[in-house]
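One structure is given here, and the rest of the page talks about it.
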Amino acid sequence: MSDPEESHLVQERRQKVERLRVRGVEPYPWNFPDRVPTSVVVERCRSLTPGATASGPDARVAGRLRTIRQHGRSAFLDLEDQAGPLQLFLRVDEIGEPAYSEWLSDLDPGDLVGAEGSPMVTRRGEPSLLVRQLTLLAKAIAPPPEKFHGLKDAELRLRRRYLDLLSAPESRARFRARSLFVREIRHFFDEHDFLEVETPVLGAVASGAAAQPFVTHSSYLDEDLQLRISLELPLKRLLVGGLERVYELGRIFRNEDLDVTHLPEFSMLEAYWAYTDYTDMQRLMEAMYFRLARRIAELLPEVPTAVEAPTLFQPPFAVVDFVDALEQYSGLHGIVDKSRDELRDLARATGTTVPEASPTGKFLEKLFEHYVEPHLTRPTFVVDHPVATTPLAKRHRSKPGRVERFELYCRGVELANAYSELNDPDDQVRRFGEQLAAKGTEFYAMDRDFVLALQYGMPPASGVGFGVDRAFMALTGTPSIKETILFPPVRSQP
RNA sequence: GGGCCCAUAGCUCAGCCCGGUAGAGCAGGCGGCUCUUAACCGCAAGAUCAGGGGUUCGAAUCCCCUUGGGCCCGCCA
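Numbering (the working numbering), first residue to last: 1 to 494.
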C-alpha cells in the first residue's frame with residue numbers, strides 16, 4: 001500500500017492544520033477535562049421525548065468523528081468513544097457565525113474532538129448532544145478507513161491494527177473480551193489461593209516441552225541463551241521451595257511455523273498445586289472453564305458460540321481412557337505392548353509423515369489425533385496416557401505402562417494438559433534419558449539443575465498448562481489465533 | 001517444506017476469462033440544503049493497475065520471476 005504521505009488527501013488535511021493555526025486554534029491541545037463517556041449522555045437522553053432538550057447542566061464528551069452530515073445551516077456529526085457512538089447536533093442558531101462555518105470547514109472524519117452542550121433527542125428519536133462548544137483535540141492527517149465497509153484488507157488489519165480497532169466495533173469487542181478473559185483467569189487462580197509468579201524468559205536451555213527454541217546471545221555472559229518454550233520446570237522448583245500453589249501466565253516462544261492455531265509467541269498458563277493429584281486438577285479445570293464460559297457469554301452476547309459456551313461447559317465433563325478410546329475408535333488392540341517400530345508403521349499408515357527419529361510417544365499422539373480427536377466435540381478429559389508420551393508425569397498408581405495425565409479437549413481443541421507431577425528424581429533422569437535416546441529433533445532437553453531440585457524433595461502435586469489464546473478461541477469460536485492477538489507477527493516490508 | 005488463490009484511487013469494489021483511451025461508491029475539493037443517521041442534489045479532481053522482466057503494433061488483462069497477504073496440506077508435546 002502506498003504511503004499516506006503521498007496522498008493529496010493528506011496534503012489537504014495539512015492545509016487545514018495550517019488554517020487552524022492561523023486562526024489561533026491549536027490542532028493538538030493537551031487535555032479535555034471533565035469529559036464523560038458518550039453512554040452518560042445517551043442515558044440522560046433516555047427520559048426525553050423526541051424533539052426535547054435536557055434542562056440540566058451541559059455535558060462534555062470526547063472522541064473520534066466518524067461521519068459528518070451537513071445540511072446547510074445545521075449539521076450532524078457522529079462521534080465515537082470507547083463507550084460507543086453519539087450524534088452531535090450543530091446549528092447556526094446555537095453557535096452562531098463565523099464559528100459554525102469555521103468548524104465545519106476544517107473538520108474531517110477521523111479527527112478527535114471534544115464537544116460541550118445539552119443532551120437532546122432529535123425529532124427522529126436519536127439521542128444527541130446539542131453542541132454549544134466544539135474543541136479540536138487532535139487533527140487526523142491521514143484519512144480513516146471507509147465509513148461503512150471499514151477495513152477489509154487482511155494485511156492492513158494486521159499491520160495497522162489500530163485502523164482495524166478504530167473502524168470495526170466487533171474487533172474492539174473481541175479484544176476487550178480477550179483482556180477481561182485473561183483477568184478472569186487470574187481472578188480464578190487468585191481466589192483459589194494460587195500465587196502468581198514470574199520466571200525467566202531467558203535461560204541456558206529451554207526445556208519442559210519438545211519444541212524448537214529461539215536462540216539469542218548474552219553479551220554479559222558471552223554465551224548463547226534460549227527463550228523459554230514452557231513454564232513448567234521453574235514453577236516446579238518453587239514447589240520444592242515451599243510455595244504450595246503457584247501459577248504463571250506469560251508469553252512463551254517456539255521457533256516454528258505459524259498457522260491458524262500456532263504463533264511463534266503465545267500466552268501460556270501453568271499452575272502447580274502441592275499435595276493434590278490429577279483428579280483434583282480435573283475438578284479445578286471444570287470449575288475454571290465453566291466460570292470462563294459464563295464470563296465470555298456476558299462479554300460477547302452478539303457471538304453465538306460465546307453464548308452457547310456455558311451450556312457446553314457445564315460440569316462434569318466426560319472422561320475417556322487414552323488407550324481405550326484409541327483402541328475403540330481405531331479398531332487396534334494391544335497398543336501399550338506394541339514396539340516402537342510397530343507404532344511408527346501404524347502412525348504412518350494414517351498418512352502422517354512423522355520423522356523416523358521421533359520418540360515413541362510421538363507415534364501414539366499421531367494415532368490419537370487421527371482416530372480420536374475429531375470425535376471430541378464436548379469437553380472431555382482424555383486420561384492415563386502411555387508412559388512414552390510424557391516424560392514429566394508420574395507413573396500411574398494402578399495401570400502399568402501409563403502415566404497419570406489428562407488432556408481436556410473440546411471442539412477439537414486441546415484446552416488443558418495436566419499431570420500428577422513426577423517427583424522421583426531418579427525416574428526423572430531415566431525419562432529425560434529416554435527422550436534423548438530417541439535422538440530426534442523433538443525432545444525434552446535434560447535440565448540437570450531441575451533433577452537436583454527434585455533430589456531435595458518436591459511434594460506430590462498436580463500441574464496444568466493451557467494455551468490462553470486457544471482457550472479464548474474455543475470459547476468464542478474465533479477461527480484464527482491472529483484474531484486473538486493485537487499485534488501478530490508480520491514480515492518486515494521490503 | 002508442497003499446492004491453490006489474491007494484490008486496481010486514501011478506503012470498499014468493478015474491469016482481467018475473450019489484449020484496444022482505467023470505472024463506480026465512500027472519503028476529500030467547490031456549490032446548494034436547518035432533523036439527518038451508509039443523508040441528499042450538482043460540478044470538478046483523484047491511479048507507478050504490488051514490483052521487475054517477457055510476448056505483442058498495443059498489456060490492468062496473457063507468460064515468467066520477486067515481494068506481501070490469504071486458504072489447504074505437512075510440521076508444530
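All residues carry an ideal CB built from backbone N, CA and C; glycine is no exception.
Does the separation of the CB atoms of residue i and residue j fall below 8 angstroms?
i	j	result
Phe363	Val354	yes
Leu231	Leu202	no
Leu181	Leu129	It should be noted that the sequence gives Phe, not Leu, for residue 181. No, Cβ-Cβ distance for Phe181 and Leu129 is not below 8 angstroms.
Glu244	Ala274	yes
Gln428	Val403	no
Thr476	Ala287	no
Val464	Leu249	no
Val383	Gly401	no
Arg91	Ser74	yes
Thr389	Gly433	no
Gly510	Glu373	Only positions 1 to 494 of the chain appear in this structure, which leaves residue 510 out of reach.
Ala309	Phe189	no
Leu312	Ile185	no
From the DSSP output, in three-state form, read off residue i for me.
i	result
Leu454	helix
Ile229	coil
Pro374	helix
Leu299	helix
Trp103	helix
Pro98	coil
Val413	strand
Gln212	coil
Asp447	coil
Pro4	Unreliable positioning characterises Pro4 in this predicted model, as indicated by a pLDDT of 41, which lies under 50. The coordinate reading is nonetheless provided below. Pro4: helix per DSSP, three-state reduction.
Glu198	coil
His396	coil
Phe260	First, the residue type needs correcting, since residue 260 is Val and not Phe in the sequence shown. Here Val260 sits in coil by DSSP.
Glu407	strand
Gly334	coil
Tyr329	helix
Gly250	strand
Arg23	coil
Tyr278	helix
Ala204	coil
Ala52	coil
Ser39	helix
Pro355	coil
Lys16	helix
Taking DSSP's pairing of strands, which residues face residue i in a bridge?
i	result
Phe76	Arg69 and Phe89
Leu239	DSSP lists no partner for Leu239.
Gly138	Checking the displayed sequence, the identity of residue 138 turns out to be Ala instead of Gly. BP columns for Ala138 point to Leu112.
Tyr162	Answer is none; Tyr162 lacks a bridge partner.
His217	Asp224
Glu265	Phe253
Trp273	Arg245 and Ser462
Phe290	Note: Phe290 sits in no beta bridge, so no partner.
Val121	Pro127
Thr476	Thr476 pairs with nothing; no bridge assigned.
Pick out whichever of the options has its Cα sitting closest to the Cα of residue i.
i	options	result
Lys366	Pro359, Thr352 and Leu258	Thr352
Phe322	Lys338, Phe406 and Pro119	Phe406
Tyr456	Glu373, Ala471 and Pro425	Pro425
Ser47	Pro57, Pro29, Ser219 and Met120	Met120
His262	Arg470, Gly51, Arg161 and Gln314	Arg470
Glu414	Arg448, Phe432 and Phe466	Phe466
Thr350	Gly150, Gly412 and Tyr371	Tyr371
Ser171	Glu483, Val490, Pro264 and Ser492	Glu483
Ser39	Ser55, Glu80 and Glu146	Glu80
Gly241	Arg21, Pro459 and Phe472	Pro459
Glu26	Ala293, Pro143, Asp324 and Leu112	Leu112
Arg448	Ser330, Arg237, His396 and Pro304	Arg237
Phe148	Tyr220, Lys139, Thr67 and Thr478	Thr67
Pro50	Pro264, Glu126 and His192	Glu126
Arg13	Val41, Gly110 and Gln87	Gly110
Tyr409	Ala461, Arg431 and His375	His375
Identify, in the order they occur along the chain, each residue of the same chain with its Cβ nearer than 6 angstroms to the Cβ of residue i, setting aside the five sequence neighbours on each side.
i	result
Gln133	Glu116
Met281	Ala418, Ser462 and Val464
By Cβ distance, which residues of its chain are closer than 7 angstroms to residue i, with the 5 residues on each side in sequence left out?
i	result
Gln70	Leu104
Met1	Residue placement at Met1 cannot be trusted, given a pLDDT of 35 that sits under 50; the coordinates are not used to answer.
Asn255	Gln212, Pro213, Phe214 and Pro264
Val490	Leu158 and Arg159
Going along the chain, which residues of its own chain have a beta-carbon closer than 8 angstroms to the beta-carbon of residue i, five neighbours each way excluded?
i	result
Asp34	Arg60
Phe32	Arg60, Ala62, Gly114, Thr135 and Leu137
Gln314	Phe290
His8	none
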